[in-house]
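S.K.: Numbering (this note's numbering), first residue to last: 110 to 957.
We treat Cβ as the ideally placed atom computed from N, Cα and C, and that holds for glycine.
From a predicted model like this one, the values you see are computed outputs, not experimental measurements.
1. Decide if residue 852 is buried, meaning its Cβ has at least 16 other Cβ atoms within 10 Å, or exposed.
2. Under the assumption that residue 636 contacts residue 673 (Cβ atoms under 8 Å), give the Cβ distance between them as a whole number of angstroms.
3. In the DSSP output, which residue or residues are listed as bridge partners for residue 530?
4. Jot down the residue ranges of each uninterrupted alpha helix (DSSP H) in the segment 178-233, minimum 4 residues, whole runs only, in chain order.
5. Throw me the rounded Cβ distance for the residue 87 and residue 223 pair, which I believe falls under 8 Å.
6. For residue 338, count the other beta carbons within 10 Å of its own beta carbon; 16 or more makes it buried, fewer makes it exposed. Which is it?
7. Taking 9 Å as the cut-off, decide whether the C-beta atoms of residue 180 and residue 148 are in contact.
8. Kindly indicate which three-state DSSP category residue 640 falls into: helix, strand or coil?
9. Between residue 949 and residue 896, how many whole angstroms is the CB-CB distance? I'm expecting something under 8 Å.
10. Could you say if the segment 328-346 and the segment 470-478 meet the contact criterion of at least three C-beta pairs nearer than 8 Å?
11. With a threshold of 8 Å, are at least 3 pairs of Cβ atoms found where one atom belongs to the segment 547-555 and the other to the segment 565-578?
12. Please list the terminal residues of the continuous beta strand (DSSP E) segment that includes residue 850.
13. In three-state DSSP terms, what is residue 936?
14. Let's see if you can read the secondary structure: which residues bound the alpha helix (DSSP H) around residue 907?
15. Find out if the Cβ-Cβ distance for the pair residue 566, residue 557 is shorter than 9 Å.
16. Per DSSP, what kind of secondary structure is residue 292 in: helix, strand or coil?
17. Buried or exposed: residue 945, going by 16 or more other Cβ atoms within 10 Å of its Cβ?
18. Classify residue 615 as helix, strand or coil using the three-state DSSP reduction.
19. Does residue 282 pass the burial test, meaning 16 or more other C-beta atoms within 10 Å, or should it be called exposed?
20. Taking a contact to mean a Cβ-Cβ separation below 9 Å, would you say residue 835 touches residue 892 in this structure?
21. List in chain order: all unbroken beta strand (DSSP E) runs of 3+ residues lying wholly within the segment 821-883.
22. Along the chain, where does the alpha helix (DSSP H) that runs through residue 337 open and close?
23. Which residue from 298, 197, 266 puts its Cα closest to that of residue 279?
24. Can you check the segment 696-722 for any beta strand (DSSP E) of at least 3 residues that lies completely inside it and give the ranges in chain order?
25. Can you round the beta-carbon distance between residue 307 and residue 367 to whole angstroms, since I take them to be within the 8 Å contact cut?
26. Under the rule that 16 or more other beta-carbon atoms within 10 Å means buried, what is residue 300, buried or exposed?
27. Decide yes or no for the touch test of the segment 865-884 against the segment 829-849: beta carbon pairs closer than 8 Å, at least 3 of them.
28. Exposed or buried, what is residue 230 when buried is set at 16 or more other beta-carbons lying within 10 Å of its beta-carbon?
29. Tell me the residue span of the alpha helix (DSSP H) that contains residue 514.
30. Since residue 93 sits in a beta bridge, which residues does DSSP pair it with?
31. Starting from residue 134, trace the alpha helix (DSSP H) in both directions and tell me its first and last residue.
32. May I ask you to report which of helix, strand or coil DSSP gives residue 390?
33. Just how far apart, CA to CA, sit residue 939 and residue 932?
34. So what does DSSP say about residue 540, is it helix, strand or coil?
35. Starting from the C-beta of residue 678, find all residues in its chain whose C-beta is less than 6 Å away, skip the five residues before and the five after it, and write them out in chain order.
36. For residue 371, count neighbouring C-beta atoms within 10 Å of its own C-beta (all shown protein chains included) and say buried if the count is 16 or more, exposed if not.
See the structure below:
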């Protein structure tokens with residue numbers, strides 16, 4: 110072999126040498142450039158290919174520089190079970206340290222065991238790798254690969270079974286849950302069941318903890334009984350009260366359910382849980398990253414290639430170690446695959462037991478022809494003489510062709526909308542003679558969906574309720590006849606059971622208790638009649654429950670404003686030697702009892718009143734005589750002296766000399782004396798008017814033009830209106846004429862208007878308003894002013910005789926007294942509304 114001078118190798122171009130090394134290398138070499146996060150230059154989110162040597166191109170079946178990034182081509186490299194991407198990131202962040210990693214990569218089109226070695230070189234990551242594709246696989250490796258394939262198949266099968274079971278439960282139109290253990294912990298809850306309590310957590314919690322509001326109801330006891338006895342419980346229209354909206358309210362919403370409690374048996378045949386079927390009968394890449402500039406550093410690549418050649422010599426030894434490790438993993442994978450198959454088998458058995466043990470009628474119809482794919486014993490028993498499995502619906506049950514239930518099947522299959530019916534009438538051919546007979550069913554039709562979410566069938570949950578419907582129809586007809594009969598009677602008729610709850614009530618109850626008879630059903634007597642009334646009849650209820658027929662009267666304080674005296678008949682309801690309840694007939698005798706009490710009270714009061722009236726009449730007669738005598742004396746006997754005094758004053762004025770009359774004191778004194786005489790005469794005239802009023806209880810009346818009369822009074826008051834500058838408003842259009850004594854009506858209006866003007870407030874212009882209107886069949890005459898007003902004490906004295914409340918204005922103090930007498934003699938009344946300093950309103954109420 111010729112010797113080469115040392116300078117020959119060194120003189121070879123570095124680029125050519127590197128290219129030659131990469132081309133002839135038996136190991137794959139990859140140059141990566143990291144791709145960083147857009148908002149964090151320290152975080153590597155992917156790797157961009159810079160160069161692949163021929164060996165790497167061959168092993169990975171990629172070009173020299175792929176356009177796609179590493180994670181785009183191999184997304185599973187980011188998964189924890191492979192760890193390749195994490196290895197590359199760690200090697201780059203380790204600086205110049207060489208890192209090694211072995212991995213069995215069976216994803217993204219690759220299926221080999223890879224030896225990886227990586228080191229950072231400047232801004233690049235250099236990766237050298239080999240795989241086992243160029244070497245014959247050992248028997249252990251082949252066994253491992255076969256075991257892994259079987260494991261994946263078993264896991265896929267188990268997962269499919271789990272998904273099918275879950276899909277059936279999730280898509281089931283009924284509310285389904287599974288209780289586990291004697292504490293009845295929720296093991297599974299489908300969406301329909303979860304919707305009962307909204308977002309309240311259920312799974313994993315015992316029912317007593319998850320639904321505490323059921324305490325006192327029968328649910329807990331029924332679950333315990335089914336768990337301990339193994340007997341299936343079937344409830345129809347059972348009342349269950351839940352806090353559906355999780356509001357913590359004491360008053361829980363009433364809902365009724367049909368449901369089944371079915372014991373669940375484990376593989377050993379013992380009960381370990383309860384299946385529940387129920388339904389409600391009451392009332393939806395990441396951002397492309399920019400590749401940064403590449404800075405190639407070939408010195409590091411050359412060193413990496415030299416180290417890679419050294420490692421190849423140790424590959425065989427490492428493969429031997431790997432074979433041993435793979436053998437152990439094969440054994441582990443085999444055991445896991447067997448466990449997965451056992452779990453899948455258990456899930457299939459559970460699903461089969463669930464359908465086959467369920468007392469409900471369940472079937473699954475496949476495809477647009479609705480072929481019976483699954484029929485449980487409960488469904489087959491509905492049609493004992495027919496072959497259902499494998500046959501289309503209309504072939505097995507041709508009588509459904511023209512029935513709406515078949516159209517419902519078609520609609521569910523076409524739209525996916527669930528259909529539910531209660532008590533649906535379906536005529537079906539009777540076994541034997543084929544005659545159509547009416548049968549009734551509760552059922553739910555629910556679309557079934559495949560893995561792609563497409564409808565591929567219809568699931569049916571059904572119960573035959575023919576006997577219940579017929580019994581209910583008969584009972585309803587009988588109850589309707591009874592209701593019509595009792596509603597026509599004027600007494601309260603009811604039936605009360607041994608729990609003291611109303612089971613029947615006629616319409617008469619509605620008038621007494623403000624509740625419809627239907628709303629009383631199931632309510633306690635105590636709650637309906639009230640605690641006080643309940644105490645009065647409790648002893649009689651105890652006696653009738655003991656079998657005694659009773660008739661009695663009682664005072665019943667039902668409410669504070671509603672007390673009744675009743676006559677009652679209690680008739681016990683004997684059945685098979687037991688009193689199951691009683692019939693009650695209640696008659697209202699309040700008027701009779703109160704009439705008796707009123708008669709007794711009235712008789713007693715009458716005796717005392719008669720005695721008082723006798724004494725009062727005697728006193729009144731004496732008073733009237735005295736008053737008449739006084740008025741006669743004042744109005745007649747005093748007239749002559751006053752007339753004489755007036756004559757003497759006139760004579761004195763005429764006889765006095767002129768120089769005396771012109772003195773400063775004489776003329777005022779004479780004027781005051783004439784004024785005193787005039788006032789005395791007016792007082793006597795008023796007394797005369799009062800005397801006449803005492804006798805005028807039936808003054809003749811006639812239609813009076815109210816507008817004309819007011820205008821006449823206004824003319825009389827015109828000087829006073831001008832002096833005060835007052836405004837007088839009149840609104841009597843609603844009362845054009847009044848049937849009254851013209852003289853008395855004029856006196857009323859004159860007195861009220863003149864008072865409103867005389868007693869005006871000095872700080873403001875008088876504003877007087879007179880109005881009249883019809884209210885409740887009577888006339889209301891009203892005079893309102895803005896004058897001085899009255900305080901409470903003055904309002905109590907204003908209608909008294911000779912009462913003058915303001916001394917700055919002349920008056921006799923008898924005007925309002927006479928107005929009051931005139932109004933009362935006409936069968937009316939007068940009252941005043943006033944506020945001191947604001948004004949007064951006089952309101953006269955007269956017969957229309």
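M.R.: Checking against the coordinates, here is how it stands:
1. One-based indexing of the chain shown puts residue 852 at position 743. With fewer than 16 Cβ atoms within 10 Å of its Cβ, residue 852 is classed as exposed.
2. By one-based count along the chain shown, residue 636 stands at place 527. By one-based count along the chain shown, residue 673 stands at place 564. Incorrect: roughly 18 Å between the Cβ atoms, too far for contact.
3. Residue mapping note: residue 530 aligns to position 421 of the chain shown, counting from 1. Partner(s): 552.
4. 179-182, 193-202
5. Nothing can be reported for residue 87, as the shown portion of the chain is limited to 110 through 957.
6. Position 229 of the chain shown, counting from 1, holds the residue named residue 338. Residue 338 is exposed by the Cβ-count criterion.
7. Sequence index remark: in the chain shown, residue 180 carries index 71 (1-based). Sequence index remark: in the chain shown, residue 148 carries index 39 (1-based). Their beta carbons are not under 9 Å apart, which means residue 180 does not touch residue 148 by this criterion.
8. The residue given as residue 640 occupies position 531 in the chain shown. Of the three classes helix, strand and coil, the one that applies to residue 640 here is helix, per DSSP.
9. Your numbering for residue 949 matches position 840 in the chain shown. Your numbering for residue 896 matches position 787 in the chain shown. Rounded, the Cβ-Cβ distance is 6 Å, consistent with contact.
10. Result no; under three Cβ-Cβ pairs closer than 8 Å.
11. yes
12. Position 741 of the chain shown, counted from the first residue, corresponds to residue 850. Note, residue 850: premise wrong, no beta strand (DSSP E); not H, not E.
13. Taking the chain shown and counting its residues from 1, the one referred to as residue 936 is at position 827. It is coil, neither helix nor strand.
14. To locate residue 907, count along the chain shown from 1; it is residue 798. No alpha helix (DSSP H) contains residue 907, which DSSP labels as neither H nor E.
15. Here residue 566 refers to the residue found at position 457 when the chain shown is read from its first residue. Here residue 557 refers to the residue found at position 448 when the chain shown is read from its first residue. Taking 9 Å as the Cβ cut-off, residue 566 and residue 557 qualify as a contacting pair.
16. Counted from its first residue, the chain shown places residue 292 at position 183. The answer is coil: DSSP assigns residue 292 none of H, G, I, E or B.
17. Taking the chain shown and counting its residues from 1, one reaches residue 945 at position 836. The residue in question, residue 945, is exposed, as its Cβ has fewer than 16 Cβ neighbours within 10 Å.
18. Here the question's residue 615 lines up with position 506 in the chain shown. Correct three-state label for residue 615: coil.
19. Taking the chain shown and counting its residues from 1, the one referred to as residue 282 is at position 173. Buried.
20. Taking the chain shown and counting its residues from 1, one reaches residue 835 at position 726. Taking the chain shown and counting its residues from 1, one reaches residue 892 at position 783. For residue 835 and residue 892, no; Cβs fall outside 9 Å.
21. 836-840, 846-849
22. The residue given as residue 337 occupies position 228 in the chain shown. Unbroken alpha helix (DSSP H) run through residue 337: 328-338.
23. The residue labelled residue 279 in the question sits at position 170 within the chain shown. When each option's Cα is compared against that of residue 279, the closest is 298.
24. Counting only runs of 3 or more residues that sit fully inside the segment 696-722, no beta strand (DSSP E) segment turns up.
25. Position 198 of the chain shown, counted from the start, is the residue given in the question as residue 307. Position 258 of the chain shown, counted from the start, is the residue given in the question as residue 367. Not really, about 22 Å apart at Cβ, beyond 8 Å.
26. As a first step, residue 300 must be located in the chain shown, where it is residue number 191. Residue 300 comes out exposed.
27. yes
28. Taking the first residue of the chain shown as position 1, residue 230 is located at position 121. When all chains shown are included, residue 230 counts as buried.
29. As a working mapping, residue 514 is identified with position 405 in the chain shown. From DSSP, the alpha helix (DSSP H) with residue 514 extends over 513-524.
30. Residue numbering for the chain in the displayed model covers 110 to 957; residue 93 lies beyond these limits and cannot be assessed.
31. Here the question's residue 134 lines up with position 25 in the chain shown. That residue, residue 134, is in no alpha helix (DSSP H); it is neither H nor E in DSSP.
32. Looking up residue 390 in the chain shown gives position 281. In this structure, residue 390 counts as coil in the three-state DSSP scheme.
33. Taking the chain shown and counting its residues from 1, one reaches residue 939 at position 830. Taking the chain shown and counting its residues from 1, one reaches residue 932 at position 823. Our two residues, residue 939 and residue 932, have alpha carbons roughly 7 Å apart in a direct line.
34. In the chain shown, the residue the question calls residue 540 occupies position 431. DSSP places residue 540 in coil when its eight states are reduced to three.
35. By one-based count along the chain shown, residue 678 stands at place 569. 660, 694.
36. If you number the chain shown from 1, residue 371 lands on position 262. Flag for residue 371 reads buried.
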